[in-house]
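Peer 1: Have a look at this one before I ask anything.
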Amino acid sequence: MRELSLNVLDIAQNSVSANASLIEIELSENTSDKELLISVSDNGKGMTPEQVENVRDPFFTTRTTRKVGMGIPLFRFAAEMTGGRLEIESEVGVGTRVRAYFKTDHLDFTPVGDMTSTMISLITMNLHIDFVYKRKLDDKQFTVDTRQLKEILGDVPLNEQSIAMWIQQYINENSKQLTEV
Amino acid sequence: MKTLEELMALRDAAKANMTTRDDSSEVIRIVVGMATCGIAAGARPVMAKFVDEAAKRGLKNVTVAQTGCIGMCRFEPIAEVLVPGKEKVTYVQLTEEKVAKIVADHIVNGVPVTEYTIGAVTE
Numbered sequence: 041m042r043e044l045s046l047n048v049l050d051i052a053q054n055s056v057s058a059n060a061s062l063i064e065i066e067l068s069e070n071t072s073d074k075e076l077l078i079s080v081s082d083n084g085k086g087m088t089p090e091q092v093e094n095v096r097d098p099f100f101t102t103r104t105t106r107k108v109g110m111g112i113p114l115f116r117f118a119a120e121m122t123g124g125r126l127e128i129e130s131e132v133g134v135g136t137r138v139r140a141y142f143k144t145d146h147l148d149f150t151p152v153g154d155m156t157s158t159m160i161s162l163i164t165m166n167l168h169i170d171f172v173y174k175r176k177l178d179d180k181q182f183t184v185d186t187r188q189l190k191e192i193l194g195d196v197p198l199n200e201q202s203i204a205m206w207i208q209q210y211i212n213e214n215s216k217q218l219t220e221v
Numbered sequence: 067m068k069t070l071e072e073l074m075a076l077r078d079a080a081k082a083n084m085t086t087r088d089d090s091s092e093v094i095r096i097v098v099g100m101a102t103c104g105i106a107a108g109a110r111p112v113m114a115k116f117v118d119e120a121a122k123r124g125l126k127n128v129t130v131a132q133t134g135c136i137g138m139c140r141f142e143p144i145a146e147v148l149v150p151g152k153e154k155v156t157y158v159q160l161t162e163e164k165v166a167k168i169v170a171d172h173i174v175n176g177v178p179v180t181e182y183t184i185g186a187v188t189e
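Going down the list, the sequences are from chains R and Z.
All the letters of the first sequence, read from the start, carry residue numbers 41 to 221 under our numbering.
All the letters of the second sequence, read from the start, carry residue numbers 67 to 189 under our numbering.
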């Protein structure tokens with residue numbers, strides 16, 4: 041993957057497939073430790089300890105169209121390349137949390153890239169799922185929660201063009217503000 | 067800065083504009099493969115382009131959806147266009163430029179872009 045935001049999109053698709061009704065995505069960067077944490081957690085159907093072991097293996101997949109599942113291995117590889125790591129916590133009937141830690145000053149650190157596009161794809165293509173997107177940079181942070189947006193919107197869907205555009209600009213402006221001193 | 071008040075105004079405008087969708091039997095479905103293979107090959111901007119082009123042209127009878135791995139990973143990004151009453155058309159190795167042409171020729175004018183289909187590529 042050329043940017044980590046694509047890995048996030050891919051990992052979040054697993055949460056969609058796990059029938060989650062709430063998916064929380066957090067990117068938290070600590071500039072003094074030079075560490076980035078990317079966390080994707082859901083309240084989907086969860087996995088057994090055996091399945092958790094298996095998803096680390098590229099030749100394990102729940103898919104039936106072919107016999108390899110590369111999502112978690114690719115994400116794990118992107119983290120480990122920088123001296124970081126990947127952790128999976130999961131419980132059947134409760135949900136799954138995938139956390140990847142990256143060393144941002146490592147030569148092999150993949151740029152985060154366009155997280156806004158990832159969030160817009162997820163939000164507009166999965167109207168029945170709620171998303172919480174949290175971005176932290178040291179002590180600053182912002183959060184978008186589609187439950188709050190849906191409360192305002194009533195029966196106007198999040199994928200209505202003008203609404204999707206507003207969400208896109210809202211995330212962009214807030215992300216930009218986070219990085220400005 | 068974007069404010070929630072602005073969102074409320076957009077909601078009211080959208081409500082006023084909401085026309086009843088055409089009969090669901092007339093809806094053209096575009097389905098984009100968004101599994102690991104599709105995403106790695108560039109499905110995210112391809113899907114966004116379909117949505118943008120449909121919105122820009124005010125196409126109310128088009129829905130864009132996503133699916134998992136279609137099983138032909140080396141041809142990703144892949145999209146299927148399903149026009150009611152017509153045979154499914156599978157487009158492969160898509161780019162934003164190809165998407166623009168597919169929307170103009172196939173979705174709007176009803177003429178599939180044969181050169182971008184799976185049949186043309188595997189010949």
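Yeah, the Cβ is synthetic: ideal placement off N, Cα and C, and Gly gets one too.
I think A80 of chain Z touches E200 of chain R, with their Cβ atoms under 8 Å apart; what is that distance to the nearest whole Å?
Peer 2: For the purposes of this step, residue 80 of chain Z is taken as the residue at position 14 of the second sequence. For the purposes of this step, residue 200 of chain R is taken as the residue at position 160 of the first sequence. 5 Å between Cβ atoms; contact.
Peer 1: If you draw a straight line from the alpha carbon of F149 of chain R to that of T122 of chain R, how long is it in whole angstroms?
Peer 2: As a working mapping, residue 149 of chain R is identified with position 109 in the first sequence. As a working mapping, residue 122 of chain R is identified with position 82 in the first sequence. Going by the C-alpha atoms only, they are around 6 Å apart.
Peer 1: Do you know how far the Cα of G137 of chain Z is from the Cα of R106 of chain R?
Peer 2: Residue mapping note: residue 106 of chain R aligns to position 66 of the first sequence, counting from 1. Residue mapping note: residue 137 of chain Z aligns to position 71 of the second sequence, counting from 1. Its pLDDT being 48, under 50, R106 of chain R is placed unreliably in this model, and the value from its coordinates should be taken loosely. For R106 of chain R and G137 of chain Z, the distance between alpha carbons rounds to 7 Å.
Peer 1: Of all the options R:I51, R:N214, R:T158, which has the alpha carbon lying nearest to the alpha carbon of A60 of chain R?
Peer 2: On the first sequence, position 20 is the one that residue 60 of chain R refers to. With distances taken between Cα atoms, A60 of chain R lies closest to R:I51.
Peer 1: Could one say the Cβ of R123 of chain Z lies closer than 8 Å to chain R's Cβ atoms, at least one of them?
Peer 2: Within the second sequence, numbered from 1, the residue matching residue 123 of chain Z stands at position 57. Chain R, which has no Cβ nearer than 8 Å to the Cβ of R123 of chain Z, makes this no.
Peer 1: For D185 of chain R, I'd like the list of residues in its chain whose CB is within less than 7 Å of its CB, leaving aside the five on either flank, ordered along the chain.
Peer 2: In the first sequence, the residue the question calls residue 185 of chain R occupies position 145. Closer than 7 Å at the Cβ level, and outside the excluded window around D185 of chain R, lie V172.
Peer 1: Using the three-state DSSP reduction, which class does A58 of chain R fall into: helix, strand or coil?
Peer 2: Mapped onto the first sequence, residue 58 of chain R falls at position 18. Correct three-state label for A58 of chain R: coil.
Peer 1: Cα separation between L76 of chain Z and R96 of chain R?
Peer 2: The residue given as residue 76 of chain Z occupies position 10 in the second sequence. The residue given as residue 96 of chain R occupies position 56 in the first sequence. Approximately 44 Å between the Cα atoms of the pair.
Peer 1: Please tell me whether L148 of chain Z has its Cβ less than 8 Å away from any Cβ of chain R.
Peer 2: Translated into the one-based positions of the second sequence, residue 148 of chain Z becomes position 82. Not an interface residue.
Peer 1: Note down, in chain order, every chain Z residue with its Cβ under 7 Å from the Cβ of Y210 of chain R.
Peer 2: As a working note, residue 210 of chain R is residue 170 in the first sequence. Here the neighbours are K68.
Peer 1: Under a three-way DSSP split, which group does T180 of chain Z fall into?
Peer 2: Taking the first residue of the second sequence as 1, we reach residue 180 of chain Z at position 114. Note: T180 of chain Z maps to helix in three-state DSSP.
Peer 1: According to DSSP, which residues form a beta bridge with F182 of chain R?
Peer 2: Stepping through the first sequence from its first residue, residue 182 of chain R is reached at position 142. Paired residues: R:R175.
Peer 1: Quick check on the burial criterion: 16 or more other C-beta atoms within 10 angstroms. Buried or exposed for E71 of chain Z?
Peer 2: Counting from 1 along the second sequence, the entry for residue 71 of chain Z is found at position 5. It is exposed - the Cβ of E71 of chain Z has fewer than 16 other Cβ atoms within 10 Å.
Peer 1: Any C-beta of chain R sitting closer than 8 Å to the C-beta of R95 of chain Z?
Peer 2: Translated into positions along the second sequence, residue 95 of chain Z becomes position 29. It does not; no Cβ of chain R falls within 8 Å.
Peer 1: State the CB to CB distance for the pair V132 of chain R and K85 of chain R, rounded to an integer number of angstroms; the pair is presumed to be in contact (CB under 8 Å).
Peer 2: For the purposes of this step, residue 132 of chain R is taken as the residue at position 92 of the first sequence. For the purposes of this step, residue 85 of chain R is taken as the residue at position 45 of the first sequence. The pair is a contact, with the Cβ atoms about 7 Å apart (cut-off 8 Å).
Peer 1: Who are the neighbours of G194 of chain R on chain Z, taking C-beta pairs under 9 Å?
Peer 2: On the first sequence, residue 194 of chain R is found 154 positions in, with the first residue counted as 1. Within 9 Å Cβ-Cβ: R77, K81.
Peer 1: Let me know the alpha helix (DSSP H) ranges lying completely inside the segment 67 to 117 of chain Z, each 4 residues or longer, listed in chain order.
Peer 2: Entirely contained in the segment 67 to 117 of chain Z, the alpha helix (DSSP H) runs reaching 4 residues are, in chain order, 70 to 83, 102 to 107.
Peer 1: Quick one, which of R:D195, R:M205, R:M41, R:L76 has its alpha-carbon nearest M84 of chain Z's?
Peer 2: In the second sequence, counting from the first residue as 1, residue 84 of chain Z sits at position 18. Comparing Cα positions, the closest option is R:D195.
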